[in-house]
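Below you'll find the structure, written out as structure tokens, and then a few comments.
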Amino acid sequence: MVVIYFDMRPKRRKEDLYDREKELKEFEKSLKQRNPLTVISGVRRLGKTSLLLVGLNEMKVPYILVDFRGINPNSRRDVYKKIESAVNIFFQQNRTIWESVK
């Protein structure tokens with residue numbers, strides 16, 4: 184029997200984020216100041232995506248997340264399909280935004 188104590192997928196809720204209060208406050212401050220560029224950097228598996236998602240959700244900022252892992256970067260078609268899929272998912276989940284864009 185395998186028991187998993189930790190879900191490896193990126194976190195989306197503040198209560199699931201571990202020991203990142205300082206970084207989360209800095210990210211939220213950057214969003215409030217409307218900085219044109221905010222960089223979240225670090226080594227693999229550090230929680231960069233989780234920090235991003237939790238911060239955006241906490242601030243109630245609508246976002247489109249495009250995950251390019253596993254695609255051929257030389258294939259424009261694959262890149263466009265990933266973007267299209269992410270945009271479609273966003274508008275399915277945010278119908279009010281879609282209505283205001285029409």
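Under this note's numbering, the sequence shown has 260 at position 77, and the numbering climbs by one with no breaks.
Ideal Cβ positions, reconstructed from N, Cα and C, are used throughout, including at glycine.
First and last residue of the uninterrupted alpha helix (DSSP H) at S268 = As a position in the sequence shown, residue 268 is number 85, starting the count at 1. That run of the alpha helix (DSSP H) goes 259 to 276.
Between which two residues does the alpha helix (DSSP H) containing V237 stretch?
-> As a first step, residue 237 must be located in the sequence shown, where it is residue number 54. Start and end: 231 to 241.
Write down the C-beta distance between R196 and V237 rounded to the nearest angstrom, noting that I regard them as a contact closer than 8 Å.
-> Here residue 196 corresponds to residue number 13 of the sequence shown, with the count starting at 1. Here residue 237 corresponds to residue number 54 of the sequence shown, with the count starting at 1. At roughly 7 Å, the Cβ-Cβ gap stays under 8 Å, so R196 and V237 are in contact.
Is it true that the region 271 to 284 meets the region 253 to 262, where meeting means three or more beta-carbon pairs spaced less than 8 Å apart?
-> no
Do the CB positions of L294 and S233 come within less than 7 Å of each other?
-> Nothing can be reported for residue 294, as the shown portion of the chain is limited to 184 through 285.
Nearest-angstrom Cα distance between I254 and D202?
-> Looking up residue 254 in the sequence shown gives position 71. Looking up residue 202 in the sequence shown gives position 19. The straight-line gap from Cα to Cα measures roughly 32 Å.
Contact set for L248: own chain, Cβ-Cβ below 7 Å, skip 5 residues either direction | In the sequence shown, the residue the question calls residue 248 occupies position 65. Excluding sequence neighbours, L248 sits near A269.
Write down the C-beta distance between L220 and M242 rounded to the nearest angstrom, noting that I regard them as a contact closer than 8 Å.
-> Reading the sequence shown from its first residue, position 37 is the one you call residue 220. Reading the sequence shown from its first residue, position 59 is the one you call residue 242. The pair is not a contact, with the Cβ atoms about 17 Å apart (cut-off 8 Å).
Name the residue from M191, L235, L229 whose alpha carbon lies nearest to the alpha carbon of V290.
-> No answer is possible for residue 290: the residues shown for the chain start at 184 and end at 285.
Under 7 Å Cβ to Cβ from K194, same chain only, skipping five residues before and after it: list those, please.
-> Against the sequence shown, residue 194 aligns to sequence position 11. Result list for K194: L200, S233, L236, V237, in chain order.
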